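Enquirer: Take this structure, written in structure tokens, and hold onto it; I'll ask about it next.
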Amino acid sequence: MTATNHSKSSERFCPFRVLAFACLLAVSFPASALELSIPAGGTFDPFLLALKPGVQMSPLPAWMEGPASIRPELGYVEIPIAPLWKESTVEMYAVTVVFEDTGDGGPALEWRQGEEKSTVSNGLGEVGNPVGLNSRTVLLPQSLTKGGGFLLVSYVGKFDALLSLAVRPARLDETAVLGGRRTASLIDDSFQAYDEREVSGARPVLLTGDVRVGTIVEAELSAAVEPLNQAIEFVAPVDGNVEGAVIHLEALGLDPEAELRVSINATPAGQISFPSFALDDPSLVTDWNGRLLLAGWRKGSLFVPARLFKQGENAITIDLKRSEGETGRQVFLRNSSLHLRFTPPAFSPLPEQRQESNSAEVTLKNAPLPVDFHAIDPILPQENGEASMREN
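Every position in the sequence shown, counted from 1, becomes a number in the working numbering once 3 is added.
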């Protein structure tokens, strides 16, 4: 599959301010360490910390050992977390970090217990691709947090690029997963499932080539990060009887009111749909004009009927229709793919084979004659027989 980007012009990323959460306490932002003492919240309450444009912090939930420490001169935020046994209903923690991604790898996550440090993520951002407003959620390993300790979110030399972070407690639940290719590790309030690779702290794995599973072909259109300045066209060769297809992609920087419109061979096919999200999602922020935005990469899809495809090369065009009042920020795509379903081959039974003899009719030599069960006297005596025996 090949892709063509019709425009390479760059666009200045507009500044953002973090959404002010209800009941947050605004404080000053000194250059030295900042520790705040705020009334405690409930067991499953999240801890929310906004760093831009000013520091805003939620009430401390019960699972925090004390106030957070903000060290801008050292480039990190430190959050104390109690041992799991102190809050038996809390079994894991998920941390979400919102930041300006300049393509340098992004902020890192570490866990400190005493003098020992463990790396959770070497970098949450892109490498070489300045994509602007980004967000990553990482599920902290239970093996680290069970004994309590400190979560460190650091962005050395780029602390001003940290916009906000949230730590949310989670509980374990048994979930059956169909298929063996993915492992669901986290489910949010909107019942959106996250694969283990997405929340492990490692950088996302990009698509690699085409994959065939039975009658389904997963064709890679473009795995790399592509700026969507103008329409992008992919060329997909088709050979076979297509029953239907689904376009999958990931988008970043897309306004909730904007549309990604798709055309197949110059025929409109519809627009990419994205899963719903909760309004208290920590990745939801506002720009300077007060518009809600969802930071980070989002997965979208569109079903395409078979009638829009033809044998040979097919042109798949994705175009951005911006909403009114947008600030004009850049939109990026990655992991764009086309899943095609082909008609299975017709079933043909195996040709009948001639048999010289039927094994079921083979007669053994000197075999006993078949038994006629109807000719055998009954084992149990009849009533008349019993009476004569008693008389004797």
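We put the beta carbon where it would ideally sit given N, CA and C, even for glycine. Values in this document were obtained by computation on a predicted structure and should not be read as measured data.
On the DSSP bridge assignment, give the partners of Ala187 in chain order.
Expert: According to DSSP, which records beta bridges pairwise, Ala187 is partnered with Asp198.
Enquirer: Is it buried or exposed, Phe306, if we count other Cβ atoms within 10 angstroms and call 16 or more buried?
Expert: Phe306 should be labelled exposed.
Enquirer: Under 8 Å between the Cβ atoms of Ala97 and Ala173?
Expert: Contact flag set, yes.
Enquirer: So, are the CB atoms of Arg294 and Phe277 less than 8 Å apart?
Expert: The answer is no: Cβ separation not under 8 Å.
Enquirer: Identify which residue in Lys161, Val180, Gly128 and Leu255 has its Cα closest to the Cα of Leu54.
Expert: Considering only alpha carbons, the answer is Lys161.
Enquirer: Quick one: what does DSSP say Asp322 is sitting in, helix, strand or coil?
Expert: If DSSP states are grouped into helix, strand and coil, Asp322 belongs with the strands.
Enquirer: Given a threshold of 16 other Cβ atoms within 10 Å of its Cβ, counted over all protein chains shown, does Glu119 qualify as buried or as exposed?
Expert: Flag for Glu119 reads exposed.
Enquirer: Give the C-beta separation of Leu210 and Asn125 to the nearest angstrom, bearing in mind that I take them to be a contact with Cβ-Cβ under 8 Å.
Expert: With 8 Å as the limit, Leu210 and Asn125 do not qualify as a contact, their Cβ atoms being about 22 Å apart.
Enquirer: I'd like the span of the alpha helix (DSSP H) that includes Leu143, first residue to last.
Expert: Note, Leu143: premise wrong, no alpha helix (DSSP H); beta strand (DSSP E) at Gly135 to Leu143.
Enquirer: Can you give me the C-alpha to C-alpha distance between Gly131 and Val141, rounded to a whole angstrom?
Expert: When rounded, the distance between both Cα atoms is 21 Å.
Enquirer: Taking the beta strand (DSSP E) that Lys149 belongs to, which residues open and close that run?
Expert: Lys149 -> no beta strand (DSSP E), and no H or E assigned at all.
Enquirer: May I have the straight-line CA-CA distance separating Ala111 from Val123, to the nearest angstrom?
Expert: Each residue's Cα considered, the two are about 8 Å apart.
Enquirer: Mapping the DSSP letters down to three states, classify Leu127 as helix, strand or coil.
Expert: Of the three classes helix, strand and coil, the one that applies to Leu127 here is coil, per DSSP.
Enquirer: Taking the beta carbon of Phe350 as the centre, do at least 16 other beta carbons fall within 10 Å, making it buried, or is it exposed?
Expert: Flag for Phe350 reads exposed.
Enquirer: Sorted by chain position, which residues of the same chain lie with C-beta nearer than 7 Å to Leu282's C-beta, five sequence neighbours on each side aside?
Expert: Counting only Cβ-Cβ distances below 7 Å, and skipping sequence neighbours, we find nothing.
Enquirer: Out of curiosity, what's the CA-to-CA distance linking Glu316 and Leu257?
Expert: Straight-line Cα distance between these residues: approximately 29 Å.
Enquirer: Less than 8 Å separating the beta-carbons of Gly152 and Trp114?
Expert: A contact, by the Cβ cut-off of 8 Å.
Enquirer: Measure the CB-CB distance between Glu329 and Ala261 and report whether it falls below 8 Å.
Expert: Contact: yes.
Enquirer: Check for me: the beta strand (DSSP E) holding Met95 runs from which residue to which?
Expert: That run of the beta strand (DSSP E) goes Met95 to Asp104.
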